[in-house]
Amino acid sequence: MGNDDSTRGRPLRSARWFRKDDLPGFVHRSTLAAAGWSREDLMTRPVVGILNTWSDINPCNSNLRALAQEVRTGILEAGGIPFEAPLMSLSENIIKPTSFPFRNLLAMEAEECIRAHPFDAVVLLGGCDKTQPALMMGAASAGVPFIFLASGPATPRSMTGGDLGNATGVWRLVDSLRAGKVSQCEFAAFERSIMGTPGHCAEMGTASTMAAIGEALGVALPGSSMVPAVDGRRNQIAREVGRRSARMAGEGGPRPHEILDARAFDNAITLLCAVGGSTNTIIHLLALAGRVGVPLTLDRFDEIARRVPLISNVQPAGEHLTERLMMAGGVPALLKTLAPLLHLDARTVDGRTLGEVIATAEVTDPDVIRPLDKPVKPGEPLVVVKGNLAPDGAVMKTCAADPKLLRHRGRAVVFEDVQTIADRIDDPALGIDENSVLILRNAGPVGAAMPEWGMLPIPRKLMERGVRDMLRISDARMSGTGYGAAVLHVSPEAAVGGPLALVRDGDIIELDVAARRLELCVAPEELERRRKEWQAPPGTHQRGYRKLYDQHIEQAHLGCDFDFLRGADEDTLPEGLFDGWVGGW
Ligand code: FES
Numbered sequence: 153m154g155n156d157d158s159t160r161g162r163p164l165r166s167a168r169w170f171r172k173d174d175l176p177g178f179v180h181r182s183t184l185a186a187a188g189w190s191r192e193d194l195m196t197r198p199v200v201g202i203l204n205t206w207s208d209i210n211p212c213n214s215n216l217r218a219l220a221q222e223v224r225t226g227i228l229e230a231g232g233i234p235f236e237a238p239l240m241s242l243s244e245n246i247i248k249p250t251s252f253p254f255r256n257l258l259a260m261e262a263e264e265c266i267r268a269h270p271f272d273a274v275v276l277l278g279g280c281d282k283t284q285p286a287l288m289m290g291a292a293s294a295g296v297p298f299i300f301l302a303s304g305p306a307t308p309r310s311m312t313g314g315d316l317g318n319a320t321g322v323w324r325l326v327d328s329l330r331a332g333k334v335s336q337c338e339f340a341a342f343e344r345s346i347m348g349t350p351g352h353c354a355e356m357g358t359a360s361t362m363a364a365i366g367e368a369l370g371v372a373l374p375g376s377s378m379v380p381a382v383d384g385r386r387n388q389i390a391r392e393v394g395r396r397s398a399r400m401a402g403e404g405g406p407r408p409h410e411i412l413d414a415r416a417f418d419n420a421i422t423l424l425c426a427v428g429g430s431t432n433t434i435i436h437l438l439a440l441a442g443r444v445g446v447p448l449t450l451d452r453f454d455e456i457a458r459r460v461p462l463i464s465n466v467q468p469a470g471e472h473l474t475e476r477l478m479m480a481g482g483v484p485a486l487l488k489t490l491a492p493l494l495h496l497d498a499r500t501v502d503g504r505t506l507g508e509v510i511a512t513a514e515v516t517d518p519d520v521i522r523p524l525d526k527p528v529k530p531g532e533p534l535v536v537v538k539g540n541l542a543p544d545g546a547v548m549k550t551c552a553a554d555p556k557l558l559r560h561r562g563r564a565v566v567f568e569d570v571q572t573i574a575d576r577i578d579d580p581a582l583g584i585d586e587n588s589v590l591i592l593r594n595a596g597p598v599g600a601a602m603p604e605w606g607m608l609p610i611p612r613k614l615m616e617r618g619v620r621d622m623l624r625i626s627d628a629r630m631s632g633t634g635y636g637a638a639v640l641h642v643s644p645e646a647a648v649g650g651p652l653a654l655v656r657d658g659d660i661i662e663l664d665v666a667a668r669r670l671e672l673c674v675a676p677e678e679l680e681r682r683r684k685e686w687q688a689p690p691g692t693h694q695r696g697y698r699k700l701y702d703q704h705i706e707q708a709h710l711g712c713d714f715d716f717l718r719g720a721d722e723d724t725l726p727e728g729l730f731d732g733w734v735g736g737w
């Protein structure tokens, strides 16, 4: 395999570096001779890059160093040459002010790392929320064949004996603490155990949703996403990923645009709905689609959500953790259940169609993977609402909300920023009751780099009275592990003059999910008057990456990519770089 330097009519990328008997070829080969590779190796074998987001400050990804070794072994077994490249790691819980703006930075790093190196294919190793979409976005734009492998879910250790997800469990404990049902002492005792082991959050948060979506998109090997990080089977999968990637390198494909077409995105959205997955993945899928020229819009999510029931009984919309989903047959069994709603002819990196991949899958626990006619909850798992408060749309994970709030009319209580919430949410002078609509603004992509503040806390006095959900509206995101009646990603956001900026305390807000409407019940003339008074907040970043971010970030309904990153580039390295001239000599 790979002895011919022409695959599918295209030369191997690495041949430009290694397979010429000239001065550049000499320099490239002699440089890697220092890494142990012979002239014959480099002249005859395809090259696979392993893009690794390992870091020990990011336990969600801390098993990736070991997985990279298994991938490396698989590549060698299949005749390839592995090179590992470390990329920045983005820990959702550690990075401030929020990891979100760095998704695009990592995507740029991945894209340029791939393009600049002699990789014929790449394996992407990600885990924590932003690392997964960032790697896929970068690799899609680079246009080099890739396989994605997630770190795998953690195995959180509950002190109560129940299934306590890493983050959903924390939110529930915080609710119980605020309601006075758990003491400070009991709460503190969870600190050492709730994250449990290496691996990403073990409920259907953003990381698990994105990993499962990798299988539905066809860019991850079947059955690879839900195996826990500490399970030995993940090592076996990593070796297989290595072997497959080396074959893809030698064969020159399939390339990203051959996998990531409109059918793949429909399949991914179908899976997202069926698992009641993270609303963050809507943003990531929109951005990824932009990289490969698929014209995906929010409306397509709503169209698909209308026909897909919630059939995965996994937190936060259901009861269990992702390990139970794996034991029930994993994503292949889930996709087989969804088969009537999928494009089964979509291609996968496995080399087969999606229909062929799931043909032998079986559901072994029908409580965890429900039949289509026996969903976990009735109704659409997520919706897109529009109206004069969100002209370009907003999203809501309806399967994780109190159904009573899906049609609601209440008075707005407006918070300008997260600090005001922290300072005032329990202030009796605000007059919040259970019918109030809590509004947070200036938390969108431009306003505050879109942190996960959309699950606004419920005031303590209401928690103590047993209130567990309220309607909350913001231009922020919400953790995929979160829950509640939260209307998110309001677009356009307040910081660019979206209607959310015009809401005042006491205004009536109306949400009607069935009609997909979100309205600010204020006369148009009054809104116009307020608009004339509105002033844009001053930009805060005068230099560096955050200035670039401020200047180019797109709104949520477009996927929050940078406007100049849409699309992909063909290999644009000029021949002169490989042809007789050598920089530095
Ligand atoms: Fe990393 Fe949840 S904190 S995946």
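In this text, residue positions in the sequence shown follow our numbering: the first is 153, and each later residue adds one.
All residues carry an ideal CB built from backbone N, CA and C; glycine is no exception.
Just so it is clear, the structure is predicted and the values come from calculations on it, not from any experiment.
Return helix, strand or coil for residue i, following the three-state DSSP convention.
{"i": "proline 555", "result": "helix"}
{"i": "asparagine 121", "result": "This structure does not reach residue 121, given that the chain is present from 153 up to 737, and the question cannot be answered."}
{"i": "isoleucine 209", "result": "coil"}
{"i": "isoleucine 705", "result": "strand"}
{"i": "valine 715", "result": "Reading off the sequence shown, one finds aspartate at residue 715, where the question assumed valine. Residue state, collapsed to three classes: helix."}
{"i": "valine 404", "result": "Here residue 404 turns out to be glycine, not valine, going by the sequence shown. If DSSP states are grouped into helix, strand and coil, glycine 404 belongs with coil."}
{"i": "proline 603", "result": "coil"}
{"i": "isoleucine 411", "result": "helix"}
{"i": "methionine 548", "result": "strand"}
{"i": "isoleucine 421", "result": "helix"}
{"i": "leucine 175", "result": "helix"}
{"i": "alanine 167", "result": "helix"}
{"i": "proline 234", "result": "strand"}
{"i": "histidine 641", "result": "strand"}
{"i": "histidine 269", "result": "coil"}
{"i": "alanine 372", "result": "coil"}
When every heavy atom of ligand 2 is checked, does at least one fall within less than 7 Å of the C-beta of residue i?
{"i": "glutamate 475", "result": "Summarising the ligand content, the structure contains ligand 1 and does not contain ligand 2."}
Ligand 1 heavy atoms versus the CB of residue i: any closer than 7 Å?
{"i": "leucine 359", "result": "Looking at the sequence shown, residue 359 is not leucine but alanine. Checking the Cβ of alanine 359 against ligand 1 gives yes."}
{"i": "glutamate 604", "result": "no"}
{"i": "histidine 352", "result": "yes"}
{"i": "aspartate 208", "result": "no"}
{"i": "glutamate 244", "result": "yes"}
{"i": "aspartate 272", "result": "no"}
{"i": "aspartate 383", "result": "no"}
{"i": "cysteine 280", "result": "yes"}
{"i": "cysteine 212", "result": "yes"}
Sort the options by Cα distance to residue i and report the nearest one.
{"i": "cysteine 551", "options": "Trp189, Val536, Glu343, Val334", "result": "Val536"}
{"i": "valine 427", "options": "Thr449, Arg476, Gly442, Ser588", "result": "Arg476"}
{"i": "leucine 228", "options": "Glu392, Ala600, Met288", "result": "Glu392"}
{"i": "methionine 622", "options": "Lys172, Ala553, Ile411", "result": "Ala553"}
{"i": "alanine 273", "options": "Asp519, Ser166, Pro597, Ala491", "result": "Ser166"}
{"i": "alanine 359", "options": "Val665, Gly636, Thr500, Gly632", "result": "Gly632"}
{"i": "alanine 306", "options": "Met356, Ala340, Glu263", "result": "Met356"}
{"i": "valine 460", "options": "Glu508, Ala491, Gly370, Leu437", "result": "Ala491"}
{"i": "cysteine 353", "options": "Leu450, Ser214, Ile573", "result": "Ser214"}
{"i": "proline 555", "options": "His495, Arg522, Arg620, Leu614", "result": "Arg620"}
{"i": "glycine 517", "options": "Thr489, Thr422, Ile705", "result": "Before going on, a small fix: residue 517 reads as aspartate here, not glycine. Considering only alpha carbons, the answer is Thr489."}
{"i": "glutamate 680", "options": "Gly231, Thr512, Leu654", "result": "Leu654"}
{"i": "proline 406", "options": "Val200, Phe252, Pro297", "result": "Pro297"}
{"i": "aspartate 575", "options": "Ala595, Gly599, Pro611", "result": "Pro611"}
{"i": "serine 626", "options": "Leu582, Val547, Trp686", "result": "Val547"}
{"i": "arginine 443", "options": "Leu652, Leu424, Ala469, Pro408", "result": "Pro408"}
{"i": "alanine 628", "options": "Asp715, Ala414, Phe252", "result": "Phe252"}
{"i": "proline 484", "options": "Arg563, Gly606, Pro651, Asn419", "result": "Asn419"}
{"i": "threonine 422", "options": "Arg385, Gly394, Thr361", "result": "Thr361"}
{"i": "phenylalanine 300", "options": "Ala341, Gly366, Gly503", "result": "Gly366"}
Determine the burial state of residue i: buried for a count of at least 16 other Cβ atoms within 10 Å of its Cβ, exposed for fewer.
{"i": "leucine 164", "result": "buried"}
{"i": "lysine 684", "result": "exposed"}
{"i": "glycine 658", "result": "exposed"}
{"i": "glycine 728", "result": "exposed"}
{"i": "arginine 168", "result": "buried"}
{"i": "serine 376", "result": "buried"}
{"i": "arginine 399", "result": "buried"}
{"i": "proline 447", "result": "exposed"}
{"i": "histidine 472", "result": "buried"}
{"i": "aspartate 721", "result": "exposed"}
For residue i and residue j, which I take to be in contact (beta-carbon distance under 8 Å), what is that distance rounded to the nearest angstrom?
{"i": "leucine 277", "j": "leucine 203", "result": "7 Å"}
{"i": "leucine 239", "j": "cysteine 265", "result": "7 Å"}
{"i": "glycine 370", "j": "valine 501", "result": "6 Å"}
{"i": "alanine 638", "j": "arginine 624", "result": "5 Å"}
{"i": "leucine 487", "j": "alanine 302", "result": "Not really, about 16 Å apart at Cβ, beyond 8 Å."}
{"i": "leucine 640", "j": "leucine 541", "result": "Between leucine 541 and leucine 640 the Cβ distance is about 13 Å, and since that is not below 8 Å, they are no contact."}
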